[in-house]
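First comes the structure, then the notes that go with it.
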Amino acid sequence: MSTRSVQPALALAPASEAGRAPDGAQDSGRFILPGMVAAALLIWLACMATFLLLPLDRLPLYFAARYLVLDATSLLFVLVINTVFLGISVYMFSRGRATQELTRELRRRALWSSLFMLVMNIGILSNHLILQWALIEVTTACAVMMMVRGRHGAPKAVAWRYMLYSSMTLAISFLGFMCLSQSAHLRDLHLHFHLDQLAGALTREKDPWQRLGLAFILFGLGGKLGLAPLYSWLPETYEAAPTSTSALLASVQFNISVVALFRVLQAFQGVEPGFVSQELMLMGYASLVVAAIQIMATRNYKRLIAYACISSSGVIALGLSVGQAAAYGVVLYIVSNAFVKSLLFITAGRMRAVYGSNDVTTLAGVIRVLPFAGMLFAGGIFALLGFPPFASFLAEMLILSGIVQAGNLLAFTLMCVMLTIIFVATGRRIFPMLWGTPLEVREPMKESKLSIIPKLGFVAVLTMLGTYTPQVVTQLLSAVARSIGGT
Amino acid sequence: MTLTLMLCLLATLVPVFFSRVSAAPVWLSVQALALGWITLNQHHSLSLHAAFAGIEVLLVRALLVPYLLRSAMAGQGHAQVSLMPSNLFAGGIAVALIIFAFKFGDGARADVRALTLGVVASTVVMAFLILATNPHKMAQLVALLFMENALALFESLMPEPWPLPVHLAISAVYILTMALGAWLVADTQAVEGDLAPALEELA
């Protein structure tokens, strides 16, 4: 075995145009990365202040001519995405400080990320279904601009496929809106796409147009969430995109699609419950099966995280299919997943920067070389697999208990079997990567404290949600769970 | 209204069956002209809102985007391929889908509404068919633009026009799809261009 000191892969790569060290002309952009962190911090503080100072019983609040609404759902998700973004922005800032070659590139990405977050916040607060739909499309465009900055594979080709899939899935949802409008028209009603008025145009009687509309909307949004069968964009996108972009897609854009799904479920509460349940259950199981098979086959840790995201979407769909008993567990699972995915992707980014590879074999024994990153990655994997003391453990237990309470023992058994397969398959790939015998002996590498802070923050949030959840957080989670039919 | 809808339908079906990708900007313009006419005339009186929406449709969908698409296609050899592969199988499926799309609109009580639903549905399924059968990225981009025009036509089914912010957001999506799509396609099609004759044979 040869011995060599670890050199960041980027330092070995030829300096590209985008990778030149900043010169005098570029100094005007030196405030971009710190500016992004400062803006993220300010917005996060504003969100926290709103959350802590505004009583939940004063919600919903409408503003901007009722196009935007602050209710429990939008408050929770705005809080989650801005917390995640604060962590990701600190990570990007630390990467820019540690790797001068990346500074210029990171500045561009920071500008797109900021625009992405701005649209995302407006989208989550949106009180109009079509407006929210259009804003999801705009976030896709911002994500494309961040994705093409990837240095691995063919990022533009992947970005194109991502855009195609996104447009297709959203077009399917739009067809659903059209069917709902037709259903209302046939009952001499006018369908307003304002979310607070949507429920009034629905009927509790069997209506084929309404059912078709619901089917299209769930199928389309399911594709945006990475649920089978429209999942194939997700693994290649998450793999090819720069890691901060993968984290934003998995933890932030995923959540706006969840919000859109919640809005539909809120409007359809008590309407077609059996149909919603069956469609979500079918897509949930298909996703778990796809994820289990693909995790067994892959040797690429970024892809593995991506397939784990598909399995998480499957668990969420299954939880939502059960309805009231599992609603709190689903909301907790979604929140914890945002932090788990961010933690895993930004830690994976650190490992890829050092090793220049996504192959688990190349990274064997990574914990000896990158002790902090390795430990945090291990923590993220345990959280992903639903181990205590993380919130995902509690959430999975609540979802499983909800399935049992609903009396669906077949669903319970199938979910347990699939999660066990995913657990074993993930362990077989990741544990040798973390603790296995390295192919080459490498010196342990120092890691900047700044890059560790956001990851530790994510671990702290996950542990807090899994062990001691403050009363205000529980109240907010419960309010969101109640809005989708929870008890 | 019926004539305009028929024009919109023809502007989708003719290029799918008989046209090359290079002619798509013209057909997109025709679709948008029909769409603009419908937007301007869908209500009894021409309000400021309807006038703005109609002008916006004409400027963005009939002029700007087709112009950008034509510019993106300039000098691209494989803009000469058929929009949908011209074989009996694809043609047969397309006809079946169009019949199905109009059956979909049959449930509507009013004739114009049924026709509008049929036009929207057939444009969307044709777009999906192009995406499924044509490996050329420029053709796929045209399919996306067809699809978004169909979604914009959906507005004519509403008793009131969409609010201005919704209009602006949907137009922004259309322009972004065009601009980003053309940029991504331009970079990846150099490789594809070398394979164009082989792909055409396979299709």
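Taken in order, these protein sequences are the chains called A and B.
According to my numbering, the residues represented by the first sequence are 153 to 639, in order.
According to my numbering, the residues represented by the second sequence are 8 to 210, in order.
For every residue, glycine included, the Cβ atom is placed at its ideal position computed from N, Cα and C.
Starting from the beta carbon of B/Phe-161, find every residue of chain A whose beta carbon is closer than 8 Å, and list them in chain order.
Within chain A, the residues near B/Phe-161 are Phe-326, Phe-329, Met-330, Ser-333.
At what residues does the alpha helix (DSSP H) containing A/Val-492 begin and finish?
Run containing A/Val-492: 479–507, per the alpha helix (DSSP H) assignment.
Would you decide whether A/Ser-494 is buried or exposed? Buried here means 16 or more other CB atoms lie within 10 Å of its CB.
Of the other Cβ atoms in all chains shown, 16 or more fall within 10 Å of the Cβ of A/Ser-494; this residue is therefore buried.
For A/Val-296, which residues from the same chain have a beta carbon less than 6 Å from its beta carbon, with the 5 sequence-adjacent residues on both sides left out?
Counting only Cβ-Cβ distances below 6 Å, and skipping sequence neighbours, we find Ala-311, Met-315.
One question on the structure: do A/Leu-382 and A/Tyr-480 come within less than 8 Å of each other, judged by their Cβ atoms?
Result no, Cβ atoms of A/Leu-382 and A/Tyr-480 do not sit closer than 8 Å.
Return the Cβ separation of B/Val-192 and B/Lys-144 in integer angstroms, given the expectation that the two are a contact with Cβ distance under 8 Å.
Contact holds; Cβ gap of about 4 Å.
Any beta carbon from chain A within less than 8 Å of B/Val-23's own beta carbon?
When Cβ-Cβ separations below 8 Å define contact, B/Val-23 makes no contact with chain A.
Residue closest to A/Gln-334, alpha-carbon to alpha-carbon, out of B/Ala-69, B/Val-173, B/Val-127, B/Phe-153
The residue with the shortest Cα to Cα distance from A/Gln-334 is B/Val-127.
Inspect the beta-carbon positions of A/Ile-369 and A/Ile-288 and report whether they are closer than 8 Å.
No, the Cβ-Cβ distance between A/Ile-369 and A/Ile-288 is not below 8 Å.
Assess, as a yes-or-no matter, whether the region 517–535 of chain A is touched by the region 583–597 of chain A under the definition of 3 or more beta carbon pairs within less than 8 Å.
Flag = yes, the region 583–597 of chain A and the region 517–535 of chain A touch.
So is B/Ala-60 in contact with chain A if we call contact Cβ pairs under 8 Å?
It does not; no Cβ of chain A falls within 8 Å.
Which residues in the same chain have their Cβ closer than 8 Å to the Cβ of B/Ile-105, if we skip the five residues on either side of it in sequence?
Hits under 8 Å: Leu-20, Ser-129, Val-132, Met-133.
Could you tell me whether any Cβ in chain B is nearer than 8 Å to the Cβ of A/Gln-159?
At A/Gln-159 the pLDDT is 42, less than 50, meaning the model places this residue with poor confidence and gives no usable figure here.
Do you know offhand how far A/Arg-546's Cα is from A/Val-482's?
The sequence given here has Leu at residue 546 of chain A, not Arg. Straight-line spacing of the CA atoms in A/Leu-546 and A/Val-482 works out to 10 Å.
Residue range of the beta strand (DSSP E) that includes A/Phe-215:
The continuous beta strand (DSSP E) containing A/Phe-215 extends over residues 213–215.
B/Leu-124 touches chain A at which residues, Cβ-Cβ below 8 Å?
In chain order: Met-330, Gln-334.
Looking at the C-beta of B/Gly-43, does it have a partner C-beta in chain A at a distance below 8 Å?
Closer than 8 Å: no.
Assigned secondary structure, B/Val-1 (DSSP; H/G/I helix, E/B strand, else coil)
Since the displayed chain B opens at 8 and closes at 210, residue 1 of chain B lies outside it and no answer follows.
By the DSSP assignment, the beta strand (DSSP E) with A/Leu-220 in it spans what residues?
That run of the beta strand (DSSP E) goes 220–222.
If we call anything under 8 Å between Cβ atoms a contact, is A/Val-271 one with A/Val-300?
Taking C-beta atoms as the reference points, A/Val-271 and A/Val-300 fail to come closer than 8 Å.
Residue(s) in a DSSP beta bridge with A/Asp-511
The secondary-structure analysis by DSSP pairs A/Asp-511 across a beta bridge with A/Asn-452.
Cα separation between A/Ala-563 and A/Leu-440?
Taking the straight line from one Cα to the other gives about 12 Å.
State buried or exposed for B/Leu-95, treating a residue as buried only when at least 16 other CB atoms are found within 10 Å of its CB.
Its Cβ having fewer than 16 others within 10 Å, B/Leu-95 is exposed.
In the DSSP output, which residue or residues are listed as bridge partners for A/His-280?
Per DSSP, A/His-346.
A/Ser-265 versus B/Leu-122 - alpha carbon distance:
If you take the alpha carbons of A/Ser-265 and B/Leu-122, they lie about 43 Å apart.
May I ask which residues mark the beginning and end of the alpha helix (DSSP H) holding B/His-56?
Membership of B/His-56 in the alpha helix (DSSP H) is indicated by the continuous run 55–63.
Considering only the beta carbon of each residue, do A/Leu-528 and A/Thr-499 sit closer than 8 Å?
Yes, they are a contact pair.
From which residue to which residue does the alpha helix (DSSP H) around A/Leu-420 run?
The sequence shown places Phe at residue 420 of chain A, rather than the Leu named in the question. For A/Phe-420, there is no enclosing alpha helix (DSSP H), as DSSP gives it neither H nor E.
Taking the beta carbon of B/Tyr-74 as the centre, do at least 16 other beta carbons fall within 10 Å, making it buried, or is it exposed?
Around the beta carbon of B/Tyr-74, fewer than 16 other beta carbons sit within 10 angstroms, so the residue counts as exposed.
What residues of chain B sit near A/Tyr-219, judged by a beta carbon separation below 8 Å?
Residues of chain B passing the Cβ test: Pro-170, Pro-172.
Determine which residues share a DSSP beta bridge with A/Arg-259 and list them.
Answer by DSSP bridge pairing: none, since A/Arg-259 is not bridged.
Count the other CB atoms within 10 Å of the CB of A/Arg-356; is the residue buried (16 or more) or exposed (fewer)?
When all chains shown are included, A/Arg-356 counts as exposed.
Chain B beta carbons: is any one of them nearer than 8 Å to that of A/Glu-388?
False, the Cβ-Cβ gap to chain B never drops below 8 Å.
Tell me whether A/His-346 is buried or exposed, calling it buried when 16 or more other Cβ atoms sit within 10 Å of its Cβ.
Buried.
Beta carbon proximity, B/Leu-191 to chain A, threshold 8 Å:
Closer than 8 Å to the CB of B/Leu-191 there is at least one CB belonging to chain A.
Using DSSP bridges, identify the partner residues of B/Ser-89.
Looking at the DSSP output, B/Ser-89 sits in a beta bridge with B/Arg-27.
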